[in-house]
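S.K.: After the structure tokens below, expect a handful of questions from me.
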Amino acid sequence: MKEAVELSQQRQEKIKVSGKVVDKNGEPIIGASIKEEGSANGTITDLDGNFSLEVAKKAMLEISFIGFKPERVLVQSGKTLQIIMREDTELLDEVVVIGYGTQRKGDVTSAVASVKADDFVKGAVKDVGQLIQGKVAGLAITNPSGDPAGGTQIRLRGTNTIGGANTNPLILIDGVPGDLSTVAPEDVESVDVLKDGSAAAIYGTRGTNGVILITTKQAKGGDICAVDYSGYISTSMLASKLDMLDGREFAALYPDYDYGYNTDWVDEITRTPISHVHNLSLMGGNSKTSYIANINYADRQGTMKKSDFENFRGRVEITHRMFDDKVRLKFGVFGRKSQMESTTNGGSFRGGVYSQATRRNPTEPIRNEDGSWYENVNKFEYENPLALLYEASGNVKRTELRYNGSITYNPIKDLTLSAMFSYTRKNMNRGYNETQNHISALRDHKDGWSSVGSSTEMEKLMELTAQYNKTINDHTFSIMGGYTYDETDYEDLYFDNYGFQDDYFGGWHNIGIGSALKEGKASAGSSKTRTNLIGFFGRATYSWKNRYLFMAALRYEGASQLWGTDNAWGLFPSVSFGWRITEESFMQHQNLFDDLKLRVGYGVTGSQPAKSFLGVAMLKYGSYAYVNNAWIQTIVPASNPNPDLRWEEKKETNVGIDWVSWKGRLSGTIDYYNRLVDGLIYDYAVPTPPNLYNTTTANGGKMRNQGVEVLVNVIPVQTKDFEWSTTATFSFNSNKLESLSGSIFKTEYDYFDTGSVEYAGQVASSHRVQVGESIGNFYGFKVVDVDSEGRWIYEDRNGNLVNYKDFTHAPEDKHVIGNGLPKYYAGWNNNFRYKNFDLAITMRGAFGFQIINGARMNYENVKNSRVENRLKSVNDLVFGKHTLSPEVEPEFNSYYVEDGDYWKIDNITLGYNFGKIGKYIKSLRLYASVLNTLTITGYKGIDPEVPTDGLTPGYDTRDRYPTSRSFTFGVNVKF
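Here the working numbering = 1-based position in the sequence shown + 131.
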């Protein structure tokens, strides 16, 4: 007992330590932070660099200041400390992941962005994409759906193809292909983005839309023994709701269809969900052998009833060094299992449930008096949304298992030989059925409609590389060469049936007994595809005095999709230069820049066709013919041969400037890019004969994207107790289709229409892709006013104004009435620290685009021949003059196209760090966050963050799962 008291007294005994902090020239450092390790006890240096602080005996001091490397000093009783801090080149020495390796940030000559774990978006994020949303200039990440099983959409530097296989950036997790939802966001250490052609060309065809390199957490250091837990619980609500008529208002407008109820249909299909996520990491080992094991479990509920998503992921990685650290072996296993509830065949939440709830007559009851669902089977596309949910059941189960291993050998000091292998297998199994009370049985007489399906995907990857690095006096260079083989096999099958006698013995668990199979009305299908990519690649870098930088890369790649053509192999070169201007003698006496670098790069990447064998003649089954007393199916041409079919080629030039000022407290990047996609893959109409088929797939057109990207990091305030760091991003993109025709194959027209919109049971074309214009143009009738009775006044093809009754609605009178691709993106991220409190606020916005408001197009039409619910704005004056006339037929026109500009206060997170607690807890942090906090916009729909991918961006369909606002409480613990 006595010994314990003495030990306690020793721990509590304090001594006063004093000292001075200076730089390498002996100049005092003012405001340097002096902190006792493992506690909140600290101070800062005065105007002369001096400090004094009471600390425990044998305490360790942590000294830090922006622009200098942190120092750790052991306290010595009675001794005045003289601490010399060295300038920190961390911003330049920071390791950036590039293709098949890493590079000092100061040596990078391409457009590469890096986001570390400390800068990730905090809160209830669904995938890795949301971690870096608004953090990378030029990388557009949107989250247009509130479905917990949905994911983010990504687009880097515009749209770059109209028919190629690659439309999204290549995503690699520790070098192995995956997607943004493959690994848990909590298991990610950093995300690096290769944006320009000179950076991505090393990946050839796969890197044509950029490359996102995700690095998972690793066990590092010497003796390692750590256990980390992070978890949170969250709830959410609809971020916005359509302002529909209630029962009383609907009855006043349509008294003949008043059934006496006041049903809030949207409220009936929504709920207050509870989601929770747990992540546990175990790291251990020593300098020879280390391991990390990570387990992640997520149970997410959506705001809509019966929209649930459960996900379990586990990862184990072991690293072992041997033979005097000349050999490093690494082996990893990753597994993932997910399950989502289905209220639609093969998917998660049935989108039509939401649109049925918004269109439903609010005076109608949910159920009949006998308890059955209230339905009106004679009304077109009119279905009880609650019945759609509760008279359907099913699920989609996915599993993924990945093995990866690598061996790295250093036979001599500067030579590294590496081999990496991975095998990934994905399985999907789904089942779905609708009961005898579902609208499909009551109206369509498909009793118990059911479906099953499955798919299997296997990917094998092998990469062999050799790299030699050498520094001779002022010259530093490296040479790398490699070989890669990537093979993918995919198989799927499905079977649909109906005509079940009851809900007890049929359904998707006993699908074969449905009568539709016996009657020949059931459907089934299967498919199999196999593709491979083979690549040889090399890269060389050179630096003289860390002043002049050079990198060149070359990839020679073959794709199976081009088998049978004369161009199955493509050559993709790149070159980039860097000039660190601050290393020049004439910059040595300036104080504005700590580092200033100019970058210039050029690179070529490619994209193969989306489907295989498009360059060879193929056959398929056609109609039936009666031959030899039997009906047989004929075999007819399916495609024309085209031995000249080749890769789309993206040729990109990038010019950039990187700078660091104010001892590292101000830094930034500016990039200008110009990318030309040459040889766009397109299906050209051809005459038959002489051709066997009416279209030929060939290369022809050109598309250009050019833009500017800006990133600025600032630390405006840094004191002992308070620090504020801020990052701003801005990007501009201009897209133009320069041609559709090539030198051989020509198009009859310089445009084609694509996409569709739906209104009142009708469908119309929505977008036009036209030479000389940007991708994403809306194409429809232009209205400029209404007459005295509320009827449209149109502008025709010649610019003349035409009354509603005189307008013929000829296709030639359509106009470009908007564009769904934002021209500008901006982000502003702020991090504050006050003592042990931290506050993070992320904001982002998109500007210069329009949205087709599907809800207004459907619910503001007064005629309402189907007597569905309306928006309250149906009573608004059109163009401020008159309510819309009941004579006006529903249609798609410019009145329903709105400016989509928005600014979102996206995430607010407030946390408190407790530091070390007791003997076993290294650190504890509690936090609360709000995601999708506030949207500032003039758009009248539920959310201006709409899909922007593909050729049909900007359509806010009324079937869309509404976005949500989530509230989260979480904890991070290190043991």
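Every residue, glycine too, gets a C-beta built ideally from N, C-alpha and C.
Between Gly309 and Leu1041, what straight-line distance do the alpha-carbon atoms span, to the nearest angstrom?
M.R.: Straight-line Cα distance between these residues: approximately 32 Å.
S.K.: Flag this pair as yes or no: are the beta carbons of Gly109 and Arg899 separated by less than 7 Å?
M.R.: Because the chain here runs from 132 to 1106, residue 109 falls outside it and cannot be looked at.
S.K.: Just confirm the distance between the C-beta atoms of Ser896 and Tyr910, as a whole number of angstroms; I'd bet it's less than 8 Å.
M.R.: The pair is a contact, with the Cβ atoms about 7 Å apart (cut-off 8 Å).
S.K.: Give me, in chain order, the residues of the same chain whose beta-carbon lies closer than 6 Å to that of Leu868; leave out the 5 immediate sequence neighbours on both sides.
M.R.: These residues qualify, in order along the chain: Met834 and Val902.
S.K.: Taking the Cβ atom as the reference point for each residue, do Ser421 and Ile343 lie within a distance shorter than 7 Å?
M.R.: Cβ distance not < 7 Å, so Ser421 and Ile343 don't count as in contact.
S.K.: Going by CA-CA distance only, name the one from Lys877, Ala190 and Gln264 that's closest to Gly831.
M.R.: Considering only alpha carbons, the answer is Lys877.
S.K.: Rounded to the nearest angstrom, what separates Trp710 and Ile165 at their Cα positions?
M.R.: Taking the straight line from one Cα to the other gives about 37 Å.
S.K.: Output yes or no for whether 7 Å exceeds the beta carbon distance between Gly562 and Gly525.
M.R.: Cβ distance < 7 Å, so Gly562 and Gly525 count as in contact.
S.K.: Secondary structure at Leu871, three-state DSSP: helix, strand or coil?
M.R.: The answer is coil: DSSP assigns Leu871 none of H, G, I, E or B.
S.K.: On the DSSP letters alone, give me the boundaries of the beta strand (DSSP E) that Ser571 sits inside.
M.R.: Counting along the chain, Ser571 falls outside any beta strand (DSSP E), though it belongs to the alpha helix (DSSP H) covering Ile570 to Leu573.
S.K.: Classify Ser486 as helix, strand or coil using the three-state DSSP reduction.
M.R.: Looking at Ser486 - three-state DSSP - the assignment turns out to be helix.
S.K.: From Arg444 to Gly753, what distance separates their C-alpha atoms?
M.R.: Spanning the two alpha carbons is a distance of roughly 46 Å.
S.K.: Ser856 and Gly254: beta carbons closer than 7 Å?
M.R.: No.
S.K.: Check each candidate in Gln849, His946, Ser582 and Lys348 and name the one with the smallest Cα separation from Gly89.
M.R.: Because the chain is modelled from 132 through 1106, residue 89 falls outside the range shown and cannot be assessed.
S.K.: If we require 4 or more residues per run, which alpha helix (DSSP H) segments fall completely within the stretch 320-405?
M.R.: Segments of the alpha helix (DSSP H) lying fully in the stretch 320-405: 328-331, 378-384 and 396-400.
S.K.: Let me check one thing: in DSSP terms, what residues is Asn830 bridge-paired to?
M.R.: Ile812, per the DSSP bridge assignment.
S.K.: Are three or more beta carbon pairs between the stretch 266-282 and the stretch 732-751 nearer than 8 Å?
M.R.: With the cut-off at 8 Å, the stretch 266-282 and the stretch 732-751 do not touch.
S.K.: Between the alpha carbons of Ala383 and Arg1091, how many angstroms are there, rounded?
M.R.: Approximately 29 Å, taken between the alpha carbons.
S.K.: If we ignore side chains and look at the alpha-carbon of each, how far apart do Phe381 and Tyr1086 end up?
M.R.: Roughly 27 Å between the two C-alpha positions.
S.K.: Between Ala523 and Ile538, is the Cβ-Cβ spacing less than 7 Å?
M.R.: No, Cβ-Cβ distance for Ala523 and Ile538 is not below 7 Å.
S.K.: Are at least three pairs of beta-carbons, each pair with one atom in the stretch 747-765 and one in the stretch 778-792, less than 8 Å apart?
M.R.: Segments in contact, no.
S.K.: Please specify which runs of the beta strand (DSSP E), each continuous and at least 3 residues long, are wholly inside the stretch 705-767, giving them in chain order.
M.R.: If we require 3 residues or more, the beta strand (DSSP E) runs fully inside the stretch 705-767 come out as 726-738 and 749-758.
S.K.: Determine which residues share a DSSP beta bridge with Pro159 and list them.
M.R.: Answer is Val153, bridged to Pro159.
S.K.: Can you give me the Cβ contacts of Glu514 inside the same chain, cut-off strictly under 6 Å, excluding the 5 residues immediately before and after it?
M.R.: So the qualifying residues of the chain are Gln487 and Ile570.
S.K.: Apart from the five residues on each side of it in sequence, which residues of its chain come closer than 6 Å, Cβ to Cβ, to Ser1097?
M.R.: Cβ neighbours of Ser1097 beyond the five flanking positions: Ala255, Ser365, Ser367 and Leu1062.
S.K.: For the stretch 383-398 and the stretch 433-444, state whether three or more C-beta atom pairs, one from each stretch, are separated by less than 8 Å.
M.R.: Short answer: they don't touch.
S.K.: Tell me whether Gln692 is buried or exposed, calling it buried when 16 or more other Cβ atoms sit within 10 Å of its Cβ.
M.R.: That one is buried.
S.K.: Determine the DSSP secondary structure at Pro847, reduced to helix, strand or coil.
M.R.: If DSSP states are grouped into helix, strand and coil, Pro847 belongs with the strands.
S.K.: Considering only the alpha carbon of each residue, which of Leu1008, Asp1007 and Glu991 lies closest to Asn1000?
M.R.: Taking only the C-alpha atoms, the option nearest Asn1000 is Glu991.
S.K.: Can you tell me whether Arg661 is buried or exposed, with buried defined as 16 or more other CB within 10 angstroms of its CB?
M.R.: Result: exposed.
S.K.: Check the DSSP bridge columns for Phe968 and list the partner residues they point to.
M.R.: Per DSSP, Tyr965 and Tyr1043.
S.K.: Along the chain, which unbroken stretches of the beta strand (DSSP E) at least 3 residues long are found entirely within the stretch 661-691?
M.R.: DSSP runs (the beta strand (DSSP E)) wholly in the stretch 661-691: 679-690.
S.K.: Can you check the stretch 532-600 for any beta strand (DSSP E) of at least 3 residues that lies completely inside it and give the ranges in chain order?
M.R.: Segments of the beta strand (DSSP E) lying fully in the stretch 532-600: 546-565.
S.K.: Can you give the Cα-Cα distance for Gly799 and Val843, rounded to whole angstroms?
M.R.: Cα-Cα distance, rounded: 4 Å.
S.K.: For Gly294, which of Lys1012, Arg1056, Gly810 and Ser865 has the nearest alpha-carbon?
M.R.: Minimum Cα distance to Gly294 is reached at Gly810.
S.K.: Buried or exposed: where does Phe1106 fall if 16 or more other Cβ atoms within 10 Å of its Cβ makes it buried?
M.R.: With fewer than 16 Cβ atoms within 10 Å of its Cβ, Phe1106 is classed as exposed.
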